[in-house]
């Protein structure tokens with residue numbers, strides 16, 4: 001079996017004994033009893049107890065503009081970073097949670113207007129990934145989009161949803177230092193800017 005194409009085992013090699021909700025709010029927390037197959041054996045693990053944080057799928061987009069030589073990031077307070085030694089105000093790409101059966105593309109277009117005022121047309125899918133599969137079910141869809149950026153940033157968001165979002169417009173020349181200086185602390189923005197670096201280098205070599 002080629003590990004580059006398929007996982008060693010599939011979902012039918014996990015036997016779920018029970019699932020129960022411990023908490024149901026904006027997120028849900030389940031207690032799961034399960035056993036799974038061991039590598040290169042026919043045996044399974046003993047019954048394991050795991051807590052699973054259930055979160056809806058999410059999508060995010062890095063908006064950039066080659067002609068303007070700029071890209072957009074947002075800054076907002078994040079409770080998950082409340083104990084961060086630097087600041088709980090995090091630099092991120094524009095992102096949001098899918099609403100019901102909403103598609104990732106529809107979510108991104110809606111969030112882009114709410115968080116930056118930017119109108120997006122063409123989207124490029126980069127990756128779909130689990131940000132923290134050790135405990136959380138969230139699947140994140142990462143996109144890029146070239147769009148017209150405003151001349152300056154501003155304050156955006158939906159105040160009735162507790163949002164207070166600052167839009168930053170950043171020059172291409174600052175990408176390397178931004179990646180290396182420790183200011184970025186979440187996976188989607190780091191992945192997106194690494195992709196943008198490759199995009200810029202490829203464009204220059206064409």
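Numbering (full-length UniProt numbering), first residue to last: 1 to 206. The beta carbon of each residue, even a glycine, is placed where N, CA and C say it ideally should be. Only a predicted model underlies this, so the values are computations on that prediction, with no experimental measurement involved.
Span separating the alpha-carbon of residue i from that of residue j
i: residue 171; j: residue 193; result: 12 Å
i: residue 65; j: residue 55; result: 32 Å
i: residue 25; j: residue 100; result: 16 Å
i: residue 191; j: residue 178; result: 13 Å
i: residue 47; j: residue 109; result: 44 Å
i: residue 144; j: residue 186; result: 16 Å
i: residue 140; j: residue 27; result: 15 Å
Beta-carbon separation (whole angstroms), residue i vs residue j, contact threshold 8 Å
i: residue 57; j: residue 31; result: Not confirmed; about 22 Å, so no contact.
i: residue 149; j: residue 61; result: About 13 Å; that fails the 8 Å criterion.
i: residue 116; j: residue 167; result: 5 Å
i: residue 20; j: residue 36; result: Residue 20 to residue 36, Cβ: 19 Å. No contact.
i: residue 53; j: residue 135; result: 6 Å
Distance cut-off 7 Å: residue i Cβ against heavy atoms of the ligand HEM
i: residue 115; result: Ligands displayed in this structure: none; no statement on the ligand HEM is therefore possible.
Unbroken beta strand (DSSP E) run spanning residue i, endpoints
i: residue 7; result: That residue, residue 7, is in no beta strand (DSSP E); it is neither H nor E in DSSP.
i: residue 17; result: 14–24
i: residue 109; result: It is not in any beta strand (DSSP E) - residue 109 instead sits in the alpha helix (DSSP H) that spans 104–116.
i: residue 128; result: 124–129
i: residue 91; result: 89–92
i: residue 155; result: 154–156
Three-way DSSP call (helix, strand, coil) for residue i in this model
i: residue 141; result: strand
i: residue 29; result: strand
i: residue 78; result: coil
i: residue 50; result: strand
i: residue 55; result: coil
i: residue 201; result: helix
i: residue 135; result: coil
i: residue 63; result: strand
i: residue 193; result: helix
Quiz prompt | Inside the stretch 162–188 only - beta strand (DSSP E) runs reaching at least 3 residues | solution = Taking only runs of at least 3 residues, the beta strand (DSSP E) segments lying wholly in the stretch 162–188 are 165–171.
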